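Trainee: In UniProt numbering, the protein residues as written are 1 to 109.
Even for Gly, the Cβ is constructed at its ideal location relative to N, Cα and C.
Since the structure is predicted, the reported quantities are computational estimates derived from the model, not experimental observations.
This is the structure I have questions about; it appears just below.
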């Protein structure tokens, strides 16, 4: 499974958050696309419309388990996708900004 570290992500990298709605509302990376894993197959078209044509999809969840499953699925579909190791827990711990659903300061649930 292709994996990247949070520290390797640059501003502007495409980020797909596959956590559930309550997790997303509590706190997420600003600018990420949110498609919960429980709805992923049904909403797959939203990803293909939003993702950069020749770019990489960085998939993130709370700790890396769910995102690894989605990244694996995307790779099987021919999409350049990688799992973000450690997920939002490492994202927040490394000082990256976390915002809530209203744009205020958020936290990882």
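Count the other CB atoms within 10 Å of the CB of residue 14; is the residue buried (16 or more) or exposed (fewer)?
Mentor: buried
Trainee: Which complete alpha helix (DSSP H) runs does the UniProt domain "Rhodanese" (9-100) hold, if anything under 4 residues is left out?
Mentor: You should have 21-26, 44-50, 65-76 and 87-93.
Trainee: Would you call the stretch 90-104 and the stretch 35-46 in contact, with 3 or more CB pairs under 8 Å?
Mentor: no
Trainee: According to DSSP, what are the bridge partners of residue 4?
Mentor: 84
Trainee: Rounded to the nearest angstrom, how far is the Cβ of residue 18 from that of residue 84, given a contact under 8 Å?
Mentor: So it is not a contact: roughly 10 Å between Cβ atoms.
Trainee: Count the other CB atoms, across all protein chains shown, that sit within 10 Å of the CB of residue 43; report buried if there are 16 or more and exposed otherwise.
Mentor: exposed
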